[in-house]
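Undergrad: Line order of the protein sequences matches chains A and B.
The first sequence begins at 106 in my numbering and counts up one residue at a time.
The second sequence begins at 307 in my numbering and counts up one residue at a time.
The C-beta atom is built at its ideal place from N, Cα and C for all residues, glycine as well.
No experiment lies behind these values; they were computed from the predicted model shown.
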Amino acid sequence: MRKEIYITDYSCVTPLGFNVDTNWKALLEGQSGVDLHKIIDNQDALYASMIDSEKLNEEFNRFFTQKDIPNFTRLEKMLLLSIKPLVEQHTISEDTAFILSTTKGNISLLKNQSELPEAVYLSKLAGKIADFFGFKTKPIVVSNACVSGVMAIAVAKNMIQAGKYKDAFVIAGDELSEFVISGFNSFQAIGSGPCKPYDKNRDGINIGEAAAAVYITSNPSQNEKFRFNVLGDSAINDANHISGPSRTGDGLYASIRNAMAEANVSSEQIDFISAHGTATLYNDEMEAIAFNRMELQNIPLNSMKGYYGHCLGASGLLESIISMESALHSTLLPSKNFEETGVTQPLNIIRENQSAEIKYILKTASGFGGCNAAVVLEKC
Amino acid sequence: MKKINTCTIEYSKITVDGNLVFESQSETFQEFAKEAYKSLDLSYPKFHKMDHLSKLAFLSAETILKDEDHSRTAIVFANRSSSLDTDFKYQESINSQDNFYPSPAVFVYTLPNICVGEISIKHKMQTENAFFVLDEFDENFLNNYAEQILQSGKADKVLCGWVELYQENYKAFVYLLTL
Chain A
106 MRKEIYITDY SCVTPLGFNV DTNWKALLEG QSGVDLHKII DNQDALYASM IDSEKLNEEF
166 NRFFTQKDIP NFTRLEKMLL LSIKPLVEQH TISEDTAFIL STTKGNISLL KNQSELPEAV
226 YLSKLAGKIA DFFGFKTKPI VVSNACVSGV MAIAVAKNMI QAGKYKDAFV IAGDELSEFV
286 ISGFNSFQAI GSGPCKPYDK NRDGINIGEA AAAVYITSNP SQNEKFRFNV LGDSAINDAN
346 HISGPSRTGD GLYASIRNAM AEANVSSEQI DFISAHGTAT LYNDEMEAIA FNRMELQNIP
406 LNSMKGYYGH CLGASGLLES IISMESALHS TLLPSKNFEE TGVTQPLNII RENQSAEIKY
466 ILKTASGFGG CNAAVVLEKC
Chain B
307 MKKINTCTIE YSKITVDGNL VFESQSETFQ EFAKEAYKSL DLSYPKFHKM DHLSKLAFLS
367 AETILKDEDH SRTAIVFANR SSSLDTDFKY QESINSQDNF YPSPAVFVYT LPNICVGEIS
427 IKHKMQTENA FFVLDEFDEN FLNNYAEQIL QSGKADKVLC GWVELYQENY KAFVYLLTL
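1. Mind checking if L440(B) is an interface residue toward chain A, Cβ cutoff 8 Å exclusive?
2. Taking the runs of the beta strand (DSSP E) that are 3 residues or longer, which of them lie wholly in the region 116-203 of chain A?
3. Would you call the region 458-470 of chain B and the region 380-390 of chain B touching, i.e. three or more CB-CB distances under 8 Å?
4. Whole-angstrom Cβ separation of M409(A) and I427(A), contact assumed at under 8 Å?
5. Are the Cβ atoms of L359(B) and S389(B) separated by less than 8 Å?
6. Quick check on DSSP: helix, strand or coil for F447(B)?
7. Can you pull the DSSP bridge partners for D338(A)?
8. Cα separation between E109(A) and H429(B)?
9. Would you list, in sequence order, the uninterrupted alpha helix (DSSP H) runs of no fewer than 4 residues that lie entirely inside the region 356-419 of chain A?
10. State yes or no: is the beta carbon of D355(A) nearer than 8 Å to at least one beta carbon in chain B?
11. Nearest-angstrom Cα distance between C300(A) and Y317(B)?
12. Under three-state DSSP, which class holds G475(A)?
13. Name the residue from D140(A), Y387(A), Y270(A) and A384(A) whose alpha carbon lies nearest to the alpha carbon of L240(A).
14. Report yes or no: do three or more beta-carbon pairs, one from the region 410-423 of chain A and one from the region 278-297 of chain A, lie closer than 8 Å?
15. Put L205(A) into one of helix, strand or coil per three-state DSSP.
16. Is V319(A) close to chain B, meaning its C-beta is less than 8 Å from at least one C-beta of that chain?
17. Within 10 Å of its beta-carbon, does A259(A) have 16 or more other beta-carbons around it, so buried, or fewer, so exposed?
18. Can you tell me where the alpha helix (DSSP H) with T416(B) in it begins and where it stops?
19. Is D304(A) helix, strand or coil when you go by DSSP?
20. Could you check if S187(A) is buried or exposed, using at least 16 other CB atoms within 10 Å of its CB as the buried criterion?
21. Rounded to a whole number of angstroms, what is the C-alpha to C-alpha distance between A363(B) and E424(B)?
22. Pull up the distance between the alpha-carbon of T433(B) and that of D126(A), whole angstroms please.
23. Counting only C-beta atoms, is F383(B) closer than 8 Å to chain A at any point?
24. Leaving out the 5 sequence neighbours to the left and right, which residues in its chain are closer than 6 Å to E329(A) when beta-carbon positions are compared?
25. Please state if the CB of L452(A) and the CB of Y358(A) are separated by a distance shorter than 8 Å.
26. Identify whether V469(B) lies in helix, strand or coil by the three-state DSSP scheme.
27. Taking H437(A) as the reference, give the member of I454(A), E424(A) and S460(A) with the closest Cα.
28. Is the region 328-347 of chain A close to the region 472-484 of chain A, with three or more CB pairs under 8 Å?
29. Is Y481(B) helix, strand or coil by DSSP?
30. Between the C-alpha atoms of S228(A) and F438(B), what's the straight-line distance to the nearest angstrom?
31. Taking DSSP as the reference, what is the three-state secondary structure of G254(A)?
32. Whole-angstrom Cβ separation of G447(A) and I312(A), contact assumed at under 8 Å?
33. Which stretch, first to last residue, makes up the beta strand (DSSP E) that contains V439(B)?
34. Relative to the C-alpha of S330(B), which residue among K344(B), F338(B) and K477(B) is closest?
35. Within 10 angstroms of the Cβ of I310(B), are there 16 or more other Cβ atoms? Answer buried if so, exposed if not.
36. Unbroken alpha helix (DSSP H) runs of length 4 or more, entirely within the region 328-407 of chain B: which are they?
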């Protein structure tokens, strides 16, 4: 029989707060991290969700003393802060995996360099964080564009089920950078205002930044605060286009179908969908098609992008954490900035805070390279 | 698990199942890739738009996947340098405020999993895929990951491999696994 795999702890660092409780409180009040920021010199300001660097440094210095720390980058500080509370609660053994989800890591360090700085290698970034906390196994970096955060949960589940590890710390992080902002801007994919997932007037993404961490184990102790069973996962490619989503939603549809089949959960049983919802025209439409093909159109759904922007490699993990928090508080959060439907297929988009029993969560993501990912989580 | 086919690309040579199938005198990856494309008789114009990492991954996959049905073949790739080869080129296009020309056609390749997308498109593989970044080639890790995909029934075969490229340093070692 297959081992049951549980998420029993998590933490996050976002513009809305440096722990889950402050994030949850801010979300209940409808706060958003998205605001106008000037990120590239000589370019117009853009809407993005940004962590205040001064506050980040203050928080960091509260928990880490100077002698601990030779030169951590901004992103490394975010990652260290997000994983620290988990490392304090759960023992790192010879059989503990360290999995980092990121797309661009310390890419900001590349600016005006003639040679590659060591720290831009994603494995160096992972190694630096892992070594700081004394992880004993070789770090694993998952870098699958915008599905990385969801896929990292699946990687932990699958490698523990295969008997290669007993437990795993999964962390995810990406920061705002000229590199990423200029790139999405060159695609004309950045929204003119705060992003409006699934809305008629949506016109693009807000980029965001965050770090998130979860602890995943096959052997939970008796005094865990909560348990979510990772029931099923899948990550299927569209095989259609490297930068545009499939018009038929094939890859997302197949990812959801496979994850639900492995979870042995039917569409009617899903209580809540934490969708990707980037607020680009084509992505949101593609998702609506895929959800309808799976007959999930009546299940309450939101996108967290209106609160956090699109945090790239961190988004899937952060949004999974918030969806579990929703289940623990029996509260569905509205899909921020949604007013009038702008997709051709029906969806049950959450409009206000509402109470609901949430047992089965479906979390999805899609990204460049035609990748998609889905996981099914069960509140135990 | 059985390793059905293997392909190695390095030092301007392509070796398939232990046999040298192509060798070039060219000194740059760009020239080598162009000649290999002709020699393998690929006729896939999209190839010329790909970045170097995608070309490397694509060439190695072509020698193994051929024209067979791969609707149940997953892809699990890894490397060390992620997409840094293209990242570096893209960064050069935005370093200077006076010379700020970010290109979407370059930016899209600043993710390592794009090469997996290119292979998936060519062979219509709507299948499980994953890209990992590791400090060094770790065949055990890739095989373990492939094995659990096969055992879960999510795929019948897995195209596995190491596809590493930064500037003129490159190596692909790609192979097909079944249970």
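TA: Taking the structure as given:
1. In the second sequence, residue 440(B) corresponds to position 134, counting from 1. Closer than 8 Å: yes.
2. 139-142 and 151-154
3. yes
4. Position 304 of the first sequence, counted from the start, is the residue given in the question as residue 409(A). Position 322 of the first sequence, counted from the start, is the residue given in the question as residue 427(A). With a Cβ gap of about 6 Å, M409(A) and I427(A) count as contacting.
5. The residue labelled residue 359(B) in the question sits at position 53 within the second sequence. The residue labelled residue 389(B) in the question sits at position 83 within the second sequence. A Cβ-Cβ contact shorter than 8 Å links L359(B) with S389(B).
6. As a first step, residue 447(B) must be located in the second sequence, where it is residue number 141. Here F447(B) sits in helix by DSSP.
7. As a working mapping, residue 338(A) is identified with position 233 in the first sequence. BP columns for D338(A) point to V480(A).
8. Along the first sequence, one-based indexing puts residue 109(A) at 4. Along the second sequence, one-based indexing puts residue 429(B) at 123. When rounded, the distance between both Cα atoms is 35 Å.
9. Considered as a whole, the region 356-419 of chain A harbours 386-398 and 410-413 as its complete alpha helix (DSSP H) runs of no fewer than 4 residues, in chain order.
10. One-based indexing of the first sequence puts residue 355(A) at position 250. D355(A) counts as touching chain B.
11. For the purposes of this step, residue 300(A) is identified with residue 195 of the first sequence, where counting begins at 1. For the purposes of this step, residue 317(B) is identified with residue 11 of the second sequence, where counting begins at 1. Answer to the nearest angstrom: the Cα atoms are 48 Å apart.
12. Residue 475(A) sits at position 370 when you count from the first residue of the first sequence. G475(A): helix per DSSP, three-state reduction.
13. Stepping through the first sequence from its first residue, residue 240(A) is reached at position 135. The sequence as given places Phe at residue 240(A); Leu does not occur at that position. Selected option, being the one with the closest Cα: Y270(A).
14. Flag = yes, the region 410-423 of chain A and the region 278-297 of chain A touch.
15. Here residue 205(A) is taken as the residue at index 100 of the first sequence, counted from 1. Strand, per DSSP.
16. Numbered from 1 along the first sequence, position 214 holds the residue referred to as residue 319(A). Taking Cβ atoms only, chain B never reaches closer than 8 Å to V319(A), which makes this a no.
17. For the purposes of this step, residue 259(A) is taken as residue 154 along the first sequence, with counting starting at 1. Counting Cβ neighbours within 10 Å, A259(A) comes out buried, since at least 16 surround it.
18. Along the second sequence, read from residue 1 onward, the residue named residue 416(B) stands at position 110. Segment: none, T416(B) is in no alpha helix (DSSP H) and carries neither H nor E.
19. Stepping through the first sequence from its first residue, residue 304(A) is reached at position 199. Three-state result, D304(A): strand.
20. Start at 1 with the first residue of the first sequence, and residue 187(A) comes out as number 82. By the 10 Å Cβ count, S187(A) comes out buried.
21. Taking the second sequence and counting its residues from 1, the one referred to as residue 363(B) is at position 57. Taking the second sequence and counting its residues from 1, the one referred to as residue 424(B) is at position 118. Distance between the alpha carbons of A363(B) and E424(B): 9 Å.
22. Counting from one through the second sequence, the residue named residue 433(B) turns up at place 127. Counting from one through the first sequence, the residue named residue 126(A) turns up at place 21. Just so you know, the alpha carbons of T433(B) and D126(A) end up roughly 38 Å apart.
23. Here residue 383(B) is taken as the residue at index 77 of the second sequence, counted from 1. No, because no Cβ of chain A sits closer than 8 Å to the Cβ of F383(B).
24. The residue labelled residue 329(A) in the question sits at position 224 within the first sequence. For E329(A), where only same-chain residues beyond five positions count, the Cβ hits under 6 Å are T113.
25. Counting from 1 along the first sequence, the entry for residue 358(A) is found at position 253. Counting from 1 along the first sequence, the entry for residue 452(A) is found at position 347. Against a cut-off of 8 Å, the Cβ pair of L452(A) and Y358(A) comes out as no contact.
26. Here the question's residue 469(B) lines up with position 163 in the second sequence. In the structure shown, V469(B) sits in a strand (DSSP, three-state: E or B).
27. In the first sequence, the residue the question calls residue 437(A) occupies position 332. Strictly speaking, residue 437(A) in this sequence is Leu, with His absent from that position. Closest option to L437(A), Cα to Cα, is S460(A).
28. yes
29. Within the second sequence, the letter at position 175 stands for residue 481(B). Here Y481(B) carries a strand assignment [DSSP, helix/strand/coil].
30. Mapped onto the first sequence, residue 228(A) falls at position 123. Mapped onto the second sequence, residue 438(B) falls at position 132. Roughly 10 Å separates the two Cα atoms.
31. What you label residue 254(A) is simply residue 149 of the first sequence in a count that begins at 1. The answer is helix: DSSP assigns G254(A) an H, G or I state.
32. Position 342 of the first sequence, counted from the start, is the residue given in the question as residue 447(A). Position 207 of the first sequence, counted from the start, is the residue given in the question as residue 312(A). With a Cβ gap of about 21 Å, G447(A) and I312(A) do not count as contacting.
33. Counting from 1 along the second sequence, the entry for residue 439(B) is found at position 133. Per DSSP, V439(B) belongs to the beta strand (DSSP E) from N435 to V439.
34. Indexing the second sequence from 1 puts residue 330(B) at position 24. With distances taken between Cα atoms, S330(B) lies closest to F338(B).
35. The residue you call residue 310(B) lines up with position 4 of the second sequence. By the 10 Å Cβ count, I310(B) comes out exposed.
36. 335-345, 358-371 and 390-398
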